[in-house]
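Colleague:
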Amino acid sequence: MELLTWTALSVVVAGFVVGVVVGLTGMGGGALMTPALLFLGVGGGEAATVVTADLTAAAVYKTGGAAMHYKEGSPNLKLAGWLILGSVPMAFIGPFLVKRLTTDPDQLDYVLKVAIGFALLFAALTYALRLYINLKRVRAGGDPGDPDPKIRPIPTLLVGVLGGLLVGVTSVGSGSVIMIALLMLYPGLSAVKLVGTDLVQAVPLVLAAAISNIAIHGLDWELTIPLIVGSVPGTLLGAKIAPHVPQSLIRRGIVVVLAMSGEALLDKSGWAPLGEDTYNPWLTVATGLVVVVLLPVVWGVLRRREGLPFRGLPTVSELDTWNYAGSPEQREREKRE
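Here the working numbering runs 15 ahead of the position in the sequence shown, where the first position is 1.
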């Protein structure tokens with residue numbers, strides 16, 4: 016193995032940067048790492064190779080985060096158990112299903128890149144959805160509900176099934192899509208329990224997905240080792256400095272990056288509606304500009320629908336916390352406004 020190369024160094028740097036962002040914000044690593052590696056062109060630019068390496072690295076650094084949360088007693092283990100029951104089998108079966116349905120290697124690469132592109136766009140959408148859920152909760156009185164809720168087995172199992180399939184095929188979703196589903200099903204969970212539960216269920220999920228992908232595609236050690244070397248210390252550093260960094264602003268930047276990456280990946284893959292022949296970088300730039308300019312307008316319209324002024328309290332930064340409710344005085348002031 017040739018590990019001391021410029022390519023390996025670029026993977027270490029990419030892994031470190033993404034790891035820092037994951038540690039800072041808690042947003043899923045796959046949604047950032049997979050497109051970063053694909054755009055770097057490592058692993059031959061093949062989506063299957065990149066997804067396998069990303070899942071293997073995630074199984075390493077997520078284990079550390081889950082162990083810390085378990086030690087502090089923050090996860091809801093019963094809830095995590097129902098998620099695992101649904102997600103682990105589908106994470107293992109998903110890659111085999113895709114492989115079975117697409118026997119041509121070129122077609123497999125196309126299918127995976129298109130799937131990852133749409134998964135990135137969906138991950139970006141979940142951020143806005145979380146803000147809107149918190150906004151409606153505040154307008155309803157700010158009561159977050161039961162901090163130790165009764166488990167709803169069937170909906171939770173279905174979330175695990177869909178999340179496991181998404182992660183197994185694309186490596187995207189364990190820290191974004193499943194998290195927002197938990198917030199919708201169990202609004203009373205505290206932020207620390209929400210994150211802890213997601214991390215605990217994510218370890219067997221990404222491990223099953225990694226094992227399945229390794230069995231089908233093999234593991235590129237020259238990509239995986241530099242990725243682990245960079246991402247693990249990056250995640251630890253991000254978690255350490257998180258209390259001192261404006262996370263909400265970073266998350267909004269990530270949403271723009273996810274939207275641009277999703278569009279670019281669909282375009283590069285040759286997805287027909289965007290043109291099969293050439294990549295259009297201007298379209299990627301336009302996507303970023305639309306998100307930057309249009310989303311604040313859409314957000315203002317949603318605030319108006321909830322009886323709030325176009326801008327003002329509660330701010331996006333406040334609603335960006337997982338379970339923002341506000342003080343009683345602030346909630347009363349928001350209702351008057």
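Using N, Cα and C, we set each Cβ at its ideal position, and we do this for glycine too. None of the values given here were measured: they were computed from a predicted structure.
Evaluate THR118 with the Cβ neighbour count: other Cβ atoms within 10 Å of its Cβ, from every protein chain shown; 16 or more gives buried, anything less gives exposed.
Modeller: As a first step, residue 118 must be located in the sequence shown, where it is residue number 103. Result: exposed.
Colleague: Ignoring anything shorter than 4 residues, give me the alpha helix (DSSP H) runs that lie fully in the stretch 278-324, in order along the chain.
Modeller: Runs of the alpha helix (DSSP H) inside the stretch 278-324: 296-320.
Colleague: Leaving out five residues on either side along the sequence, give the residues of the same chain with a beta carbon under 6 Å from the beta carbon of VAL247.
Modeller: Sequence index remark: in the sequence shown, residue 247 carries index 232 (1-based). Correct list, in chain order: TYR76.
Colleague: Runs of 3 residues minimum, wholly inside the stretch 221-269: which ones carry the beta strand (DSSP E) assignment?
Modeller: DSSP runs (the beta strand (DSSP E)) wholly in the stretch 221-269: none.
Colleague: Between the alpha carbons of LEU252 and GLY38, how many angstroms are there, rounded?
Modeller: Within the sequence shown, residue 252 is the residue found at index 237, counting from 1. Within the sequence shown, residue 38 is the residue found at index 23, counting from 1. If you take the alpha carbons of LEU252 and GLY38, they lie about 7 Å apart.
Colleague: Excluding sequence positions up to five away, which residues of its chain have a Cβ less than 7 Å from the Cβ of VAL129?
Modeller: Here residue 129 is taken as the residue at index 114 of the sequence shown, counted from 1. Result list for VAL129: LEU281, SER284, TRP286, in chain order.
Colleague: State buried or exposed for ALA23, treating a residue as buried only when at least 16 other CB atoms are found within 10 Å of its CB.
Modeller: Reading the sequence shown from its first residue, position 8 is the one you call residue 23. The residue in question, ALA23, is buried, as its Cβ has 16 or more Cβ neighbours within 10 Å.
Colleague: Output the distance between the C-alpha atoms of GLU349 and GLU333, rounded to the nearest integer angstrom.
Modeller: By one-based count along the sequence shown, residue 349 stands at place 334. By one-based count along the sequence shown, residue 333 stands at place 318. Residue placement at GLU349 is poorly supported in this model, since its pLDDT is 48, which falls under 50; the coordinates are not used for a value here.
Colleague: Give the secondary structure of TYR201 by DSSP, where H, G and I count as helix, E and B as strand, and everything else as coil.
Modeller: Position 186 of the sequence shown, counted from the first residue, corresponds to residue 201. Three-state result, TYR201: coil.
Colleague: Determine, using beta carbons only, whether GLY270 and VAL306 come nearer to each other than 8 Å.
Modeller: In the sequence shown, residue 270 corresponds to position 255, counting from 1. In the sequence shown, residue 306 corresponds to position 291, counting from 1. What sits at residue 270 in the sequence shown is Val, not Gly. Yes; because the gap between Cβ atoms is below 8 Å, this pair is in contact.
Colleague: Are three or more beta carbon pairs between the stretch 63-71 and the stretch 227-235 nearer than 8 Å?
Modeller: Yes, they touch.
Colleague: Helix, strand or coil for ASP121? Go by DSSP, reduced to three states.
Modeller: Locating residue 121 in the sequence shown gives position 106, where the first residue counts as 1. Of the three classes helix, strand and coil, the one that applies to ASP121 here is helix, per DSSP.
Colleague: ALA62 and LEU136: beta carbons closer than 8 Å?
Modeller: Walking along the sequence shown from the start, residue 62 turns up at place 47. Walking along the sequence shown from the start, residue 136 turns up at place 121. Against a cut-off of 8 Å, the Cβ pair of LEU136 and ALA62 comes out as no contact.
Colleague: In chain order, which alpha helix (DSSP H) runs of at least 4 residues are fully inside the stretch 33-118?
Modeller: You should have 45-55, 62-86, 92-116.
Colleague: For the pair the stretch 170-181 and the stretch 102-117, tell me if three or more CB-CB distances fall below 8 Å.
Modeller: A contact exists between the stretch 170-181 and the stretch 102-117.
Colleague: Smallest Cα separation from GLY277: which of PHE133, PHE31, LEU304, VAL35?
Modeller: As a position in the sequence shown, residue 277 is number 262, starting the count at 1. The residue with the shortest Cα to Cα distance from GLY277 is PHE133.
Colleague: Assign ALA155 to one of two classes, buried (16 or more other C-beta atoms within 10 Å of its C-beta) or exposed (fewer than that).
Modeller: Taking the sequence shown and counting its residues from 1, the one referred to as residue 155 is at position 140. With fewer than 16 other Cβ atoms within 10 Å, it is exposed.
Colleague: Which same chain residues, not among the five before or five after TYR294, have their C-beta less than 7 Å away from its C-beta?
Modeller: Position 279 of the sequence shown holds residue 294. Once the five neighbours on either side are set aside, the close Cβ partners of TYR294 are ASP282, LYS283.
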